[in-house]
Every structure is written in structure tokens, then in C-alpha cells.
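Everything below concerns the one structure shown next.
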Amino acid sequence: MKQLPLQRRTLALLAVVAPLLALFVHVALRSGPLSPVPVTAITVKQRAIAPALFGTGTVEARYTYRIGPTYAGRVLRLDVHVGDRVTAGQVLGEMDPVDLDDRIRAQDAGLKRAGAALLEAEARSAFARAQFRRYEDLLPGGSVSEEMVAIKAQERQIAEAALTGAREEIARIRADREALLTQRANLRLIAPVDGLVIARDADPGTTVVAGQPVVEVIDPRHYWIDTRFDQISASGLQAGLDARIVLRSRSTEPFTARVLRVEPRADAVTEEILAKVVFTDLPQDLPPLGELAEVTVALPPLPAAPVIPNASIKRVDGQLGVWLIKEDDVLEFAPVSLGAADLDGHVQISRGLKMGDRVVVYSGKSLSAKTRIHVTERLTEASP
Amino acid sequence: MISLAGRDILHSWGKFVFTGIGLGLLIGVTLVMAGVYRGMVEDAKVLLDNSRADLWVVQKDTLGPYAESSSVYDDLWRSIAALPGVARAANITYLTMQVRKGDTDVRAMVTGIVASGPGSPGWPPYLVAGRQITRSHYEAVADIATGFKLGDRIRIRRNEYTVVGLTRRMVSSSGDPMVFIPLKDAQEAQFLKDNDAILMQRRRTAATPAFDQPALPGLLDAVVATQTANNFVNAILVQVKADHDPEEVAEPIRRWKRLQVYDRAQMERILVGKLIATSARQIGMFLAILAIVSAAIVAFIIYTLTMDKIREIAVLKLIGTRNRTIAGLILQQAIALGIIGFVVGKISATFAAPMFPKYVLLMPLDSVAGFFAVLIICVLASVIAIRIALRVDPAEAIGG
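In C-alpha cells:
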């Protein structure tokens, strides 16, 4: 009877101390640096992958026509505004002709004067011919001297030369006038193709230098994406591959496309390869030029090969490889050679792994060959 | 022989255990404080470990890229990669900023990594979910401490990034979680001004007569384009070939490329010795005070426990118990108290550690040292109590 309270007390003490000790041992061994590292594992499987390339670019027009005067001058009128559709040959505007019209009128007057001069020359020439004939008829009768006949012959030749001169003068003035008219026509700004006005760089009254564009017109039937791919991940990029374009403003609706060409020159400064990607069907409402677009180029699918997720690839002592899980959860580093990869993180292994090998995918810490591991299903709550 | 200490503890075990638990919580706080200090140092080291670099090439005369800002041209890595002894060289950028997700934002260190595939310098060495970055734009791998989940869309400056992978313990030296994004995006994010600033800059440039010449229509556009381009990175991470000494590779870069190069040991000195030095000393100071306070409290508790049973001790003396036995009683109790305290402290520290916003690293060696420190403090504290107990007059057992 006397022993019982003591025993009860001892039991109670044990009830407190024993779990405490158990917890302590658990804490000492299962947490902190001594605890095993949780990892997840995957078995290497044969799998075909469809690699793809990812790049970004901007929407550009394939053909841009910068229309402006060929001489310095002032813009007289401009009939089109940004967004207007224009047809080939349409007059978009005109440069100020300054004194060109006056000069054309002067040439007109000159032409008339030259006409008058021609009439005069013709009259002189007709008279000189008649005179010469008359004197020639009189010569056998001896009523005129031979010298007089020679003089008349010379006068006739001079009059004919003057006639030819007058005729050529008309041709010259006419050509001068033609030139002025051509110049006058050249002052008109004319659309070379059916197109869309995208810029109106000068308004009437503005003085522009020769070659400075006044209006920019693009061909709205030909848009492309000027795409840039990082050189490091652009192997296999070539013309004709299927692609997918996602515009920044319409990220939910991708457009089908195709690689038109890979530029022969890469960008050396930004270390990118440039390519032009065209829409298969141009969207109804055209995207604005310069809009950012994401381009995914699908490469031909590859035959099945051992595939691992890229999260399992590590570099240990300068070698790329994976951690193999051997018997009894012992780790062993296996150097591998990587093959093609797709954008979803699957990497083909060309050498170093065989089917059925168990490989560490995720780990709670960096691993080494001595790390104690503990294989679980997942390391985070939300991970797949 | 019966254990006097054991019997006495059993006599009022509740009081004893609860005193021990109270003491344990105090010891737990001390252990956590040591863990906070270790965690700070560990954060600095883990940043260096995770970058997987042997050498850091940074701007001349700077302590970059972590302790000071540094910028080097982004094509310099090519000439460094061609040096003998260099296995791999990769550009990297670091920018600590608020990363937005929906209406919330998280402080994170945005790290720009070259898209050269897993295992490259600067890449997260391991993941806990998802996959590594495969696209050269608009993908991110985030540390789990950011609270982001796979598939989340996060906003860095003006671009949205999809979180494709999660890591753990990828932090900056100040404990901010890291977010890895492709280098080109990071370069843009780092130097990209907001749209208003860009517009203002364009207007300013357009108002500069030298740039806006009517005779050179394309000049202004070209000038504006150069103003918005960025071809700088913060550092170049270099991995050295196995048979080369890092210092031997670093010397020609310092001498001929006129850049600053740090190796692992120097970088650690910069981070631990300069960057976190003051805050670490602050914590260290706090830890020292806490240890002294704990020791004082242990001493008081043991003293009070002894004083509580001074009458019983007098009785013991009266019946002729040897001094050794009485001293043993007090010493054993003090040590038992210390052990309970330490066990409770260790358990509470371990469970409390993950709740701290920054990393708390409880090192086993620290715990062992703590254990012996607790025992020594208990023994020293009991010495005072023993002296009092031995000096007690047996007459007190019967007298007032």
C-alpha cells in the first residue's frame, strides 16, 4: 500500500521523461545535418521526344516603302494619313514645284517663238531656193555672171542651214519642256504598291532633304517575325520548319507559322541567331509592327532513347552526370552524355545510362556519394 | 544504497520537471540564437556553393558582385573562356528587388543565368520540384521560400515569367530567396527603366541638337536604340580545370584583362568578414548576453531549490549524513535539471527553427558544446548551493 504512491509517481515521471527522451533522439538524428536527405527518384525510360526551339522577336513588315522627294524641297500637300489603305499608282501627296510651272510656261513661249523663227527660216529658204533657180536659168543667156549664181547658191545653202537650225531649236525646246514636265511629275509622291500607310513623317509646309521619307507604306500582305534565338540553344534551326507564334497582346491564341529563312549573318554582340518566321495565315486584324512575339519552332521528332528530366542533371568534379540510386539507397555518380532536349525539360541520354536505372530527380540538398538518402514521392506539397 | 537525489526528485517531481522545462525553453532560445548566427554565415556560404564557381571575375577595384555593385561587358567571358586552365566561364547578373505576383510582392534576388543547360556555373544545383529553365526567355526557377508555386506567373519589371521549377536553400547573403531567370531577360530587367523614364530620355535626346540633325534622318533613332540597350553583366563565374590551381588562372586575368578576380576563400572573407560582419557581431553579442543570463538563472534556480530543502538538509546532517552525500544530492539534482533543460531546449529549438523567417542552422557540434556548457554552468551553480548546504547548522532542523 505504501509502495503504490511512489510507484505511481515513478510511472508519471517516466511518462513525462520517456517521450521527452524519445523525441530528443528523434530530433537529434532526424533533423539537422545528420538527417537523411529526402530525394525523389525516377526510372530511366525509353521515350521519343519532340525537341523545339524558343526565341523572341518583333512583328515586322517584309516590304517597307519609304516615299519621299528626290530633291530637297517643301511638302505642298499630303493626302493620306497613317492607317489609310492605298493602291498602286495612287498620288499620296505632292512637293512644292516652286518655279517649275513658270519655267514650263517659259518653255511654252520659247516653243512658240521657235515656231515663228522656223516660219521665218522657211520663208528665207524658199526665197533663196527660188532666187537660185532664177539665176541659174539666166546663166546660159549670159545676162548674169557666174559669180552671181555662186552667190545665190551660197545664200540658198545658208537659208537651208538656218531652217534646219530652227527645226532643231524646236526639238530642243520641246525636250527641255518634257524634262521639266517629268520633273514636275517627279514631285508627286506615288504609292508603288497596294499598301498601308504606317508613317507620315512630314506635314505640308515642312522642308525635307533629298531622300528623306515623307510617307512610309508597307505591304500588309507580307508580315514576318524578325526572330532571335540564343546561339547556345539553336541547333537544328533551318528554313521550312513549323513554328508557333504567340503575340504579347494575344497570349492565349497562338498562330501557326513557318521559318522562312535563317539569316546568313548572326548577331555577334548579342550572341543570337536571326531568323524570319512567317504566318501561315495572316491574322485578320493585323498585329502592330514592333509588337513582341514569342516563337516556338518545332524540330522533327527524334526516335526513342533513354530520357531523364533535366532537373536530375548535375555537374560533379567538372563532369555532367546523374546520381544513380543503387541497392540499399546508396548513391553513385554516373557521368552521362546528353543528347537532344525538348522545352518541357526532357533530355535524351546518348551514353552513360541504361533502361531501368533509378536516378535522383529532386533532392532537398546537394548530394555527394556519402549522403544518406531517403526516397519519397515528392518534396513539396504542390509538385506533380 | 538508495539515491537521495532520485528520492528527492520523485518527492516533488512535478515542480522539478516544470522547472526543467522552463529552463529548457531558455536554453532553447540560446540554441536558436546560436542557430541564427550560424544561419547567417551559412547563407553567405551557400550562395557561394550554389554558384558553383571557382573564380569570380568582377569589375576592377570592386568587391562585387555580392558586396558591391560591379559591371563588366557581357562579351568579356569569351576571352576569359579561352584562357588556359579555364573549364567554363559564364556571365551572371544579380539584382535584389521586389518580385510581384498578383497583388503581392516578395523580396528576392533575381539571378540571370546563361542558357547553357543544367550544371553550368550559376545554375541552381538541385531542384525540389519542376524542371530547369529550357527557354531562353520568360521562364523562372524560384526558391521555395518565395512562396511561389509551379505554374505561377510572376512579374519582374515589365515581363511576366512562368515558374517552372522550385529550389530550396537558394538564398542571397542577406537571406533573400533567389529567382533564376534567363540572362538576357535579367540584363534587361536590371537596366530597364520604367516607360516614363524611357520616354523622357527619348525627348531629351531628341532635344539635343547634335543628335537631331535634319540632314541625318536615322541618327536620332540610332542614338535612342543605343540608350536602351544593355550589354553589361555583374560578374563572370569561372570554373577551373581539375589540374589547375585557381590562383594560377586568376593571376593572368588580373594582370592582363585588368579585372578583379576573387577565389572562393577571398569571396568568403568578403561575404562573412565584410558583408554580414556587423549583423553577425550583433547576434554574437546577443548570444553572449543570453548565455550569461541563462547561466545566472540556472544558478538562481539551483540555489532556490537548495534553500527550499534547507530544513531537510539540516535533518540529514543531524542524523549524521556525510557531507559527500549531501553535496552529491545537490550536484546530481543540478545535473539532472541541466539534462532535462538541455533536452527540452534542443527539442524546442529544433521545432522552432523552421518557423523563423530566415535560416536557422542548428549544428550538432553547437549542441554538444551547449550541452557541456549547460553541465558546467549547473556544476558551478551547485557549488554555491553546496557551500550553503554544508554550512547549515543541524540545529535548524529542530529550531526556527
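Chains E and S, in that order, give the protein sequences.
Heads up: the first sequence begins at 269 in the working numbering, then just goes up one per residue.
Heads up: the second sequence begins at 15 in the working numbering, then just goes up one per residue.
Note that CB positions come from ideal geometry on N, CA and C, so glycine has one too.
| task | Report the neighbours of Thr31/S on chain E: residues whose CB is nearer than 8 angstroms to its CB, in chain order. | result | Reading the sequence as shown, one finds Val at residue 31/S and not Thr. Those within 8 angstroms of Val31/S in chain E are Leu281, Val284, Val285.
| task | Say whether chain S places a C-beta atom closer than 9 angstroms to the C-beta of Gln425/E. | result | no
| message | Closer than 8 angstroms between beta carbons: that is the criterion. Which residues of the segment 109-129 of chain S meet it against chain E? | response | Val128, Ala129
| said: Counting only beta-carbon separations shorter than 9 angstroms, does Ile335/E have a partner in chain S? | reply: no
| At least one CB of chain A closer than 9 angstroms to the CB of Ser605/E: is that the case? | You won't find chain A in this structure, because its protein chains are E and S.
| task | Since I believe Val627/E is in contact with Ala320/E (beta carbons under 8 angstroms), could you give me their beta-carbon distance rounded to a whole number of angstroms? | result | Actually they are not in contact, since the Cβ atoms of Ala320/E and Val627/E sit about 23 angstroms apart, beyond 8 angstroms.
| request: Inspect the beta-carbon positions of Leu567/E and Gly607/E and report whether they are closer than 9 angstroms. | output: no
| Paired residues, beta bridge with Ser134/S - DSSP | None, per the DSSP bridge assignment.
| said: Within the continuous beta strand (DSSP E) that includes Glu484/E, where are the two ends? | reply: 483-486
| task | For Gln480/E, go through chain S and note every residue whose CB falls closer than 7 angstroms to its CB, in chain order. | result | Pro231
| field | Residues of its chain near Leu379/E, where Cβ-Cβ distance is below 7 angstroms and the 5 sequence neighbours each way are ignored | value | Ile438, Ile441, Arg442, Arg445
| request: Check whether the Cβ of Lys323/S lies closer than 9 angstroms to any Cβ atom in chain E. | output: no
| request: Starting from Ser65/S, trace the alpha helix (DSSP H) both ways and give me its first and last residue. | output: 27-65
| field | N-terminal and C-terminal residue of the alpha helix (DSSP H) that Arg401/E is part of | value | 368-406
| said: Need the endpoints of the beta strand (DSSP E) that Ser605/E sits in, please. | reply: 605-609
| request: Just grab the DSSP bridge partners of Thr76/S for me. | output: Its beta-bridge partners do not exist; DSSP assigns none.
| Exposed or buried, what is Arg405/S when buried is set at 16 or more other beta-carbons lying within 10 Å of its beta-carbon? | exposed
| query | Does the count of Cβ pairs from the segment 176-188 of chain S and the segment 154-165 of chain S closer than 8 angstroms reach three? | reply | yes
| What do you reckon, are the CB atoms on Leu464/E and Arg334/E nearer than 9 angstroms? | no
| message | With distance defined between alpha-carbon atoms, name the residue in Arg345/E, Pro574/E, Ser634/E, Pro603/E nearest to Gln587/E. | response | Pro603/E
| When the Cα of Glu546/E is compared with those of Gly558/E, Asp535/E, Glu539/E, Val563/E, which residue comes out closest? | A small correction: the amino acid at residue 546/E is Val; Glu does not occupy that position in the sequence shown. Nearest option by C-alpha distance: Val563/E.
| said: Below 9 angstroms on C-beta distance, what does His151/S contact in chain E? | reply: Phe322, Gly323, Thr324, Asp498, Glu562
| said: When you compare the CB of Asn578/E with every CB in chain S, is at least one pair closer than 9 angstroms? | reply: yes
| request: Would you mind giving the Cβ-Cβ distance between Val575/E and Gln616/E, rounded to the nearest angstrom? I have them listed as a contact below 8 angstroms. | output: 6 angstroms
| Cβ neighbours of Leu509/E in the same chain (closer than 6 angstroms, five flanking residues each side left out) | Val527, Val565
| Three-way DSSP call (helix, strand, coil) for Met299/S in this model | helix
| Contained beta strand (DSSP E) runs [length at least 3] in the segment 66-122 of chain S, N- to C-terminal order | 69-72, 100-115
| task | Give the residues of chain S in contact with Arg456/E, contact being defined as C-beta atoms less than 9 angstroms apart. | result | Going along chain S, no residue has its Cβ under 9 angstroms from Arg456/E, so there is no contact; the nearest lies around 21 angstroms.
| Neighbourhood of Ala382/E by C-beta, 6 angstroms cutoff - its chain only, sequence neighbours within 5 removed | Glu437, Ile438, Ile441
| request: Could you check if Glu388/E is buried or exposed, using at least 16 other CB atoms within 10 Å of its CB as the buried criterion? | output: exposed
| Any non-hydrogen atom of the ligand MG closer than 8 angstroms to Leu379/E Cβ | The model on display carries no ligand, and the ligand MG is accordingly not part of it.
| query | What does a CB cutoff of less than 7 angstroms around Val388/S pick up in its chain, not counting 5 residues either side in sequence? | reply | Ile41, Gly352, Gly355, Phe356
| field | Under the three-state DSSP convention, the category Arg272/S falls into | value | coil
| message | Less than 9 angstroms between CB atoms is the rule here; does Val327/E satisfy it with respect to chain S? | response | no
| field | Candidates Ile541/E, Ser636/E, Glu540/E, of which the one nearest Arg700/E by Cα | value | Past the boundaries of the shown model lies residue 700/E; chain E is included only from 269 to 652, so the question cannot be answered.
| request: Using alpha carbons as the reference points, say which of Asp585/E, Ala579/E, Glu600/E lies closest to Pro132/S. | output: Ala579/E
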